[in-house]
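Engineer: First the structure, then my questions, so here it is.
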Amino acid sequence: MSIWEFANPKRFMDATGPLIPVLGILAGLSLAVGLVWGFFFTPDDFRQGSTVKIIYLHVPSALMAINAWLMMLVASLVWLIRRHHVSALAAKAAAPIGVTMTLIALATGAIWGKPMWGTYWAWDPRLTSFLVLFLFYLGYMALWAAIEDADTAADLTSVLCLVGSVFAVLSRYAVLFWNQGLHQGASLSLDAEENVADVFYFPLLVSIAGFVLLFVVLVLVRTRTEIRNRRILALISRERAA
Amino acid sequence: MIALLRRDLMLTIRAGGGFGLALAFFLILVTLVPFGVGPNSDNLALIAPGILWIGALLACLLSLDRIFQLDFEDGSLDLLATSPMPLEAVASVKAASHWLTTGVPLSVAAPLLGVLLSQPLEAAFWLTCSLILGTPALSVIGTFGAALTVGLKRGGLLISLLVLPLYIPTLIFGAEVVRRGADGLSPATPLLMLAAITAGAIAMLPFASAAALRTALK
Amino acid sequence: MIALLRRDLMLTIRAGGGFGLALAFFLILVTLVPFGVGPNSDNLALIAPGILWIGALLACLLSLDRIFQLDFEDGSLDLLATSPMPLEAVASVKAASHWLTTGVPLSVAAPLLGVLLSQPLEAAFWLTCSLILGTPALSVIGTFGAALTVGLKRGGLLISLLVLPLYIPTLIFGAEVVRRGADGLSPATPLLMLAAITAGAIAMLPFASAAALRTALK
Amino acid sequence: MSFTVTNLTCQRGSIPVLEGVSFSLQPGTALVLRGPNGSGKTTLLRCLAGLTPPHAGEIGFDPDEIAYSGHSDGVKAQLSVEENLVFWAAVYGTSDIAAAVDTFDLAPLLSRPAQFLSAGQRRRVSLSRMTLTNRPIWALDEPTVSLDGENTARFAAAVNRHLDAGGAAIIATHIELGLSQVDTLELAPLKARLDHGIDPFLDGALT
Amino acid sequence: MSFTVTNLTCQRGSIPVLEGVSFSLQPGTALVLRGPNGSGKTTLLRCLAGLTPPHAGEIGFDPDEIAYSGHSDGVKAQLSVEENLVFWAAVYGTSDIAAAVDTFDLAPLLSRPAQFLSAGQRRRVSLSRMTLTNRPIWALDEPTVSLDGENTARFAAAVNRHLDAGGAAIIATHIELGLSQVDTLELAPLKARLDHGIDPFLDGALT
Ligand code: HEM
Ligand SMILES: Nc1ncnc2c1ncn2[C@@H]1O[C@H](COP(=O)(O)OP(=O)(O)OP(=O)(O)O)[C@@H](O)[C@H]1O
Ligand SMILES: Nc1ncnc2c1ncn2[C@@H]1O[C@H](COP(=O)(O)OP(=O)(O)OP(=O)(O)O)[C@@H](O)[C@H]1O
Ligand SMILES: [Mg+2]
Ligand SMILES: [Mg+2]
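Heads up: the protein sequence lines correspond to chains A, B, C, D and E, in order. To convert, note that position 231 of the first sequence is 812 in my numbering; the numbers rise steadily by one, no gaps. To convert, note that position 35 of the second sequence is 37 in my numbering; the numbers rise steadily by one, no gaps. To convert, note that position 192 of the third sequence is 194 in my numbering; the numbers rise steadily by one, no gaps. To convert, note that position 111 of the fourth sequence is 296 in my numbering; the numbers rise steadily by one, no gaps. To convert, note that position 112 of the fifth sequence is 297 in my numbering; the numbers rise steadily by one, no gaps.
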């Protein structure tokens, strides 16, 4: 059995139905462990004090914001190439989740920015790139909302997602070129000298795992909703035509 | 009249986004400014009131040409003109629905965007005040411009050419309110002027718009 | 293809103004900025490159939704799609005619408007350079946005929401060229990037536009 | 009581498209406008409906007495058929769209967004609007365009019912409709009338 | 040589508007599509013209062999009639518009901006475009809308000439045109085809 079989809405529903509670529980557990561990059982940072703990929300949500877009890109490609309806709907389902993650990253970053940099917002390249990513999400969702016919919408948003991805990467470089920033470098890369200490590191990993699982669960749930919606629409239009 | 207002709001919302669209445009515009001007936050704070007001103006502008154009093209405007509703009422309702879908969301969201441009918080209140008072004038004036250009195939740019000069007084007083507010001066005079412009525009311009529509349909 | 280009140019010119319209909008916008921001010429010079580039961007934006919309509404787009001309060519020609009626006049006139914003003269040359290199990308990207929204009843705002984020790299490099030019630094790197973006956009995007058109006509 | 028009002249641009049109329309009859393409049927109807002011002559009734329907449908693509009808009903101060729905058997289409209608279906929605207006005179410009045989008959029946109820109708059409009580007004081709210019710029030789 | 279509299925939205349409069209004949409003004539023509990809089945000829003309006229309001025709001629690689002008007697209108044309005049311009395309199959969607008797006859004559020259035509219409060599394809009302869903979202019960 090939993986493409799940592209059939019914197969997909059958397969994911039982998965959701399992994944949901796992997501809840790892989030609880990661966040509680991070918030209450790690020492305060010697420079940043307890504000550093927002990292357990900030970093995972920032990661997921980017990954959600990547997932949409892949799903759009699959739709354009193989015309699997579920794939298009999965991309549609991921967008609001991705945009929420982006918002969380922006909001937690802003809250963190006040004590750290003395301002809620600075035009630092990473923050700016995130704002740009937010704009791309908005455009993508607005296009979905504006088109009545579902397959047409899937086609056009997929094309937009492809072109948008290219320009999002371009924007990232352009923004780096435009301003050098204040923001932290990558703390998870293996070779970096200034990696955060292990005490912060492990709960962060758990919390990231929690966000990944949460994202998967939410995407599955929303895709299932979208599938049901499409079914309702199909039934209604058949009813109307009769 | 309420039916027309409801219909227009419904159309705007159906067509995707409605309230959100003007807002999103506003956000983008505010994001673009630092890209053009540079990220220095002192500079940004300096030009913030002006940029926010110009942004609101442009967000209004971009939806203007749709006010009558669509109704003209599908024949609805002919039908409205022959209906019991006077064209003055049609013009007023169209302006109202334009204001509800652009002016109101813009006024509410502007203070948040002010943060992006490092605007001091005290200015936020005055920004909202000035926008709430000023944007109705923008919509009414814009409706007049839309009525003048209905039926022309090149709405977008032409309309802005007609309308932007008419927007200048509103812009000047609006930005002045915010600037004075931010500097701790009393913004009463420009606020009053803003209110006067809005009141005058609402009272007079629908007649001009209706006259323009009548000529266009001839 | 030349026939289509000629037709489109003719239509733009007939519809009132043609080349002049984008320019006039640009002029008005640049005039509005001092009203919003205040007349201090140091401030103005500081923000001039950014404002001029953003102005050019917006002038492009305002004429975008007409690129395919009119042809779609009167059925011409159906006919073009069934004609021997490939849709990729149609998209390219449309972009070219948009560029000729907005990008070119803007590039030529921008240095003059720079004077209004107290921009130093050395920057004028780089402004024109960057606009000539960058505006084709704006037109091609804009045509793509227009193709995505053809047939939707709310072109204006939606198109800007889709297109403005795509304009960001062009804007950043474009404004950077001017800023470096004005400061006496070498603007070679951003100029190269600008050229690369334009070349890439011209080479690739017409295919995306044609795909979008095909879907929209379905 | 009858609706009269005397010596009407209508211009388009500076050309007198119609000159000296007179007729008198009894309640209960339909006036069918006939004439080749470009003879001025649309011009006349728009003038009667009050959209274009007449250049000369007199229209013996109020624009408020006439309900106009033109070449375009005036149906909003994003609204459903029902929403379209409810809107026009509200504009004309009623809320009852049942009669309109019945006239053209629109019930199965009610919840359909108008953008998904075929040309004939859209036309039916547009025509059914007439019954909502409650106005004595219907002015219809080629109403049967895109309609199939069955719906053309439905339309004729609707007009006949309107006439029987004491209404009147002015209909520009190229086909035979089968109405109960018909007067015909033939419009000559435009060429015939071109000499009688009333353009002030052609009045007397300029030096 | 003949143009064949086998077992064509066309969808609109998720509804199979047409199913199992097959015909074979000989050069020299016109296929007249008949069917009530909403039966799928427009859908079929757009599918044949290559605007909508077919959902299933086969079209035995190239989109390049077919010249399409739809419900809307595709005439540019700001250009004169001549400029409109010259443009389309150029698109189809010719520069000779004389034949097109003669077919519908457009000579007196040539210099008129299209926005000042009446509905029927605009339709004539739109139809005359067909003769410029030099394509063997004409696909026409209700071509005689707004045309008066004389111009309908002109249109029929033009189609007959095209057929005599070995061309073919597919015409959706509600009226009798008087063509020389006619096949008819009756499209049943839509209801009949609704059970044969091919919508993946209706495939099997969802949990
Ligand atoms: C609105 C403000 C902010 C935004 C939009 C933002 C955005 C981001 C993004 C996108 C990442 C993920 C980068 C990646 O994984 O490649 C990130 C990571 C991070 N941010 Fe922020 N940030 C903001 C404010 C702050 C502040 C104020 C601080 C603290 C001084 C901070 C500290 C960090 C740290 C330590 C990381 C982890 C770096 C890594 O793991 O790669 N951020 N932020
Ligand atoms: N603005 C204008 N300037 C000059 N002539 C015009 C203008 N508008 C219309 N005409 C001409 O006026 C005449 C009458 O047009 P009208 O639309 O009333 O004709 P009609 O009888 O409705 O024709 P059809 O049957 O084709 O709809 C036409 O010959 C047309 O070309
Ligand atoms: N996007 C859509 N979604 C659902 N149904 C649609 C859509 N578009 C069209 N339809 C339906 O498909 C059917 C066929 O439409 P089509 O336009 O082909 O009819 P037609 O035979 O050309 O009718 P007419 O004579 O009125 O022009 C109609 O019943 C219409 O309501
Ligand atoms: Mg007419
Ligand atoms: Mg049809």
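We treat Cβ as the ideally placed atom computed from N, Cα and C, and that holds for glycine. Keep in mind the model is a prediction, meaning the values are calculated, not measured.
Where does tryptophan 702/A sit, in a helix, a strand or coil, going by DSSP?
Structural biologist: Looking at tryptophan 702/A - three-state DSSP - the assignment turns out to be coil, as it is neither helix nor strand.
Engineer: Answer with buried or exposed for leucine 325/E, where buried requires no fewer than 16 other C-beta atoms within 10 angstroms of its C-beta.
Structural biologist: It counts as buried.
Engineer: When you compare only the Cα positions, how much space is there between valine 740/A and glycine 791/A?
Structural biologist: So the alpha carbons of these two residues sit roughly 31 Å apart.
Engineer: Per DSSP, what kind of secondary structure is leucine 119/B in: helix, strand or coil?
Structural biologist: If DSSP states are grouped into helix, strand and coil, leucine 119/B belongs with coil.
Engineer: Does the beta-carbon of glutamate 371/D, which I'm using as the reference point, lie nearer than 8 Å to any heavy atom of ligand 4?
Structural biologist: No - ligand 4 has no heavy atom lying nearer than 8 Å to the Cβ of glutamate 371/D.
Engineer: Compare the C-beta of leucine 64/C with all C-beta atoms of chain B and state if any pair is closer than 9 Å.
Structural biologist: Yes, its Cβ sits closer than 9 Å to a Cβ of chain B.
Engineer: Thinking C-alpha only, which one of Gly38/C, Ala93/C, Ala139/C is nearest phenylalanine 70/C?
Structural biologist: Minimum Cα distance to phenylalanine 70/C is reached at Ala93/C.
Engineer: Confirm, please, whether the CB-CB distance from proline 374/E to glycine 220/E is below 9 Å.
Structural biologist: Yes, the pair counts as a contact, with Cβ atoms nearer than the cut-off.
Engineer: Run the Cβ filter for me: residues under 7 Å from any heavy atom of ligand 6, listed in the order they occur in the chain.
Structural biologist: Ligands in the displayed structure: ligand 1, ligand 2, ligand 3, ligand 4 and ligand 5; ligand 6 is not one of them.
Engineer: In angstroms, rounded to a whole number, what distance separates the CA positions of threonine 733/A and leucine 216/D?
Structural biologist: Cα-Cα distance, rounded: 46 Å.
Engineer: With a threshold of 8 Å (Cβ to nearest heavy atom), would isoleucine 200/D be considered close to ligand 2?
Structural biologist: Yes, since a heavy atom of ligand 2 falls inside the 8 Å radius drawn around the Cβ of isoleucine 200/D.
Engineer: With respect to the alpha helix (DSSP H) encompassing glutamate 361/E, which residues constitute its N-terminal and C-terminal limits?
Structural biologist: From DSSP, glutamate 361/E is part of no alpha helix (DSSP H); its letter is neither H nor E.
Engineer: At a Cβ threshold of 9 Å, is valine 12/B touching chain D?
Structural biologist: Looking at the sequence itself, residue 12/B is methionine, so the reference to valine does not match. Yes - at least one Cβ of chain D is within 9 Å of the one on methionine 12/B.
Engineer: Below 9 Å between beta carbons: does that hold for alanine 675/A and methionine 697/A?
Structural biologist: Cβ atoms of alanine 675/A and methionine 697/A: not closer than 9 Å.
Engineer: Taking 8 Å as the limit between beta carbons, can you name the residues of its chain near leucine 684/A, skipping five residues before and five after?
Structural biologist: The residues are Phe715.
Engineer: Based on DSSP bridge pairs, tell me the residues matched to phenylalanine 748/A.
Structural biologist: Phenylalanine 748/A pairs with nothing; no bridge assigned.
Engineer: Starting from proline 248/E, find everything on chain C with Cβ-Cβ shorter than 7 Å and list it in chain order.
Structural biologist: Going along chain C in sequence order, the residues near proline 248/E (Cβ under 7 Å) are Thr84.
Engineer: Can you give me the Cβ contacts of isoleucine 204/B inside the same chain, cut-off strictly under 7 Å, excluding the 5 residues immediately before and after it?
Structural biologist: Only Pro138, Val142 meet the Cβ criterion.
Engineer: Does the distance between the C-beta of serine 254/E and the nearest non-hydrogen atom of ligand 3 fall short of 8 Å?
Structural biologist: False, no ligand heavy atom lies under 8 Å from that Cβ.
Engineer: Between isoleucine 251/E and valine 190/E, is the Cβ-Cβ spacing less than 9 Å?
Structural biologist: In this structure, valine 190/E does not lie closer than 9 Å to isoleucine 251/E by Cβ.
Engineer: Between which two residues does the alpha helix (DSSP H) harbouring threonine 191/C extend?
Structural biologist: Counting along the chain, the alpha helix (DSSP H) containing threonine 191/C begins and ends at 190 to 219.
Engineer: Under the assumption that valine 266/E contacts leucine 294/E (Cβ atoms under 8 Å), give the Cβ distance between them as a whole number of angstroms.
Structural biologist: So it is a contact: roughly 5 Å between Cβ atoms.
Engineer: Ignore the nearest five residues each way along the sequence and tell me which others in alanine 125/C's own chain have a CB closer than 6 Å to its CB.
Structural biologist: Counting only Cβ-Cβ distances below 6 Å, and skipping sequence neighbours, we find Val180, Gly183, Ala184.
Engineer: Roughly how many angstroms separate the alpha carbons of threonine 369/D and leucine 816/A, rounded to a whole number?
Structural biologist: Taking the straight line joining both Cα atoms gives about 49 Å.
Engineer: In whole angstroms, what is the alpha-carbon distance linking leucine 196/C and proline 189/C?
Structural biologist: Cα-Cα distance, rounded: 11 Å.
Engineer: Should aspartate 736/A be flagged as near chain E, meaning a C-beta pair shorter than 9 Å?
Structural biologist: So no, aspartate 736/A is outside the interface.
Engineer: Which ranges does the alpha helix (DSSP H) cover as unbroken runs of at least 4 residues, wholly within the region 286 to 355 of chain E, from first to last along the chain?
Structural biologist: 304 to 313, 315 to 318, 334 to 349, all fully within the region 286 to 355 of chain E.
Engineer: If the cut-off is 9 Å on Cβ atoms, which residues from the region 679 to 699 of chain A count as contacting chain B, listed in chain order?
Structural biologist: Within the region 679 to 699 of chain A, the qualifying residues are Ala691.
Engineer: Between glycine 220/D and ligand 2, is there a pair consisting of the residue's CB and a ligand heavy atom that are separated by less than 8 Å?
Structural biologist: Yes, Cβ of glycine 220/D sits closer than 8 Å to a heavy atom of ligand 2.
Engineer: Taking 8 Å as the cut-off, is the C-beta of histidine 359/E nearer than that to any heavy atom in ligand 3?
Structural biologist: Histidine 359/E: yes, Cβ under 8 Å from ligand 3.
Engineer: Would you report the Cα separation of glycine 223/D and serine 365/E, rounded to the nearest angstrom?
Structural biologist: Rounded to the nearest angstrom, the two C-alpha atoms are 29 Å apart.
Engineer: Using 8 Å as the threshold, is the region 59 to 78 of chain C in touch with the region 257 to 266 of chain E, meaning 3 or more CB pairs across them?
Structural biologist: At 8 Å Cβ cutoff, the stretches touch.
Engineer: So with Cβ pairs under 9 Å, would you call proline 298/E a contact of chain A?
Structural biologist: No, proline 298/E lies away from the interface with chain A (no Cβ there is under 9 Å from its Cβ).
Engineer: Could you confirm whether any beta carbon from chain B is found closer than 9 Å to the beta carbon of leucine 216/D?
Structural biologist: Not an interface residue.
Engineer: By the criterion of Cβ-Cβ separation under 8 Å, what are the contact partners of aspartate 55/C in chain B?
Structural biologist: Looking at the sequence shown, residue 55/C is not aspartate but tryptophan. Per Cβ cutoff of 8 Å: Gly38.
Engineer: For glycine 242/E, which option in Leu236/E, Cys232/E, Asn336/E has the closest C-alpha, if you only look at C-alpha atoms?
Structural biologist: Looking at the Cα atoms, Cys232/E is the closest of the given residues.
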